[in-house]
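Numbering (the numbering used here), first residue to last: 4 to 255. We put the CB at the ideal spot given by N, CA and C, even for glycine.
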Amino acid sequence: MKSCCESKSGELAELRASQGKVLKILLALNASMFFIEFTAAWWLGSTALLGDSLDMFGDASVYALTLYVLHRSVRERSLSALVKGIVMLALGVIVLGEAGYQALHGVAPAAHGMSAFALLALAVNLVCFGLLWRFKSDDLNMRSTWLCSRNDIIANASVFGAALLVGWTGSRWPDVLLGAAIAALFLQSAWQVIRDARVELGEAKQAESVQAAHEQDAPASSCATRSGCAPSTTAVVVEQTPASGGSSKCCR
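Structure below.
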């Protein structure tokens, strides 16, 4: 049993180390793409690229947060997933607001540059998706990270498609409609992650309560065990009246 537990502990430590290496790579890729795509979005006037760059920023923050709690308790990992869901929810609201603004006041972005940077972002996210594939069922944090990567690929492909439509029609509406679609995707994923994190947090709190109750009962049961195993003895002194002639023999 001891060797089995030590083996499982070693496997878990090796898994966490592998996850940490992959997350560091993902953090570097997404942080770099945020700066590249954010600059390109303002230069080209593309709302879809701007939303995608904010997505890259959110992903980089998520990876940094996941690295922070990688070797921590289930409760802390659940809290991390909850924060990730809130970040995704906020990004969805931002993109939705930007899409509404561009619908009223926007102009058509530069299609060629938009498509080029969309393909670059797509290539980066395909690499991230491939790196995360074998970890997607490990725990809630890695699954939510994999979901983020999947959403990124869908968003990048959509940005490229919108760029083609903008170049073909000369209209801003493909860019605006894509912004609304990205917002809807983020809101759906955010709700899924938040819901799962709340369930896992509830289970973690319940487990902590049970453990605390067991710890409180432990001293009493330990005391009862000691009393059962080593019962106290009462010394009984029988005082006898010495018989005649026996006193000197006894005192010798």
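Are there 16 or more other CB atoms within 10 angstroms of the CB of residue 54, so buried, or fewer, so exposed?
Taking all protein chains in view, the Cβ of residue 54 is crowded by 16 or more other Cβ atoms within 10 Å, so the residue is classified as buried.
Would you mind working out which of 43, 191, 117 sits nearest residue 256, comparing C-alpha positions?
Nothing can be reported for residue 256, as the shown portion of the chain is limited to 4 through 255.
Taking a contact to mean a Cβ-Cβ separation below 8 Å, would you say residue 56 touches residue 41 in this structure?
Yes, Cβ-Cβ distance for residue 56 and residue 41 is below 8 Å.
Cβ pair residue 152, residue 132 closer than 8 Å:
A distance below 8 Å separates the beta carbons of residue 152 and residue 132.
Can you check which of these residues, 32, 206, 27, is closest to residue 129 by C-alpha distance?
The residue with the shortest Cα to Cα distance from residue 129 is 32.
For the pair the region 167-185 and the region 67-81, tell me if three or more CB-CB distances fall below 8 Å.
Flag = no, the region 167-185 and the region 67-81 do not touch.
Can the beta-carbon of residue 198 be found less than 8 Å from the beta-carbon of residue 110?
Going by C-beta atoms, residue 198 is not nearer than 8 Å to residue 110.
Going straight from the alpha carbon of residue 179 to that of residue 94, what length do you get?
About 16 Å.
Leaving out five residues on either side along the sequence, give the residues of the same chain with a beta carbon under 6 Å from the beta carbon of residue 113.
Result list for residue 113: 47, in chain order.
Assuming contact is defined by CB atoms lying nearer than 8 Å, are residue 204 and residue 92 in contact in what I supplied?
Taking 8 Å as the Cβ cut-off, residue 204 and residue 92 do not qualify as a contacting pair.
Between which two residues does the alpha helix (DSSP H) carrying residue 118 extend?
That run of the alpha helix (DSSP H) goes 114-135.
Work out the CA separation of residue 71 and residue 156 for me, nearest whole Å.
Distance from the CA of residue 156 to the CA of residue 71, rounded to the nearest whole angstrom, comes to 25 Å.
Mapping DSSP to helix, strand and coil, what is residue 174?
If DSSP states are grouped into helix, strand and coil, residue 174 belongs with coil.
Residue 75 - DSSP class collapsed to helix/strand/coil
In the structure shown, residue 75 adopts coil according to DSSP, grouped into three states.
Reduced DSSP secondary structure (H/G/I, E/B, other) of residue 21
Three-state result, residue 21: helix.
Compare the C-alpha of residue 30 against each of 172, 208, 127, 123 and name the closest.
The candidate whose alpha carbon is nearest that of residue 30 is 127.
For residue 173, is the classification buried or exposed, using 16 other Cβ atoms within 10 angstroms of its Cβ as the cut-off for buried?
Exposed.
DSSP on residue 62, reduced to helix/strand/coil?
DSSP places residue 62 in helix when its eight states are reduced to three.
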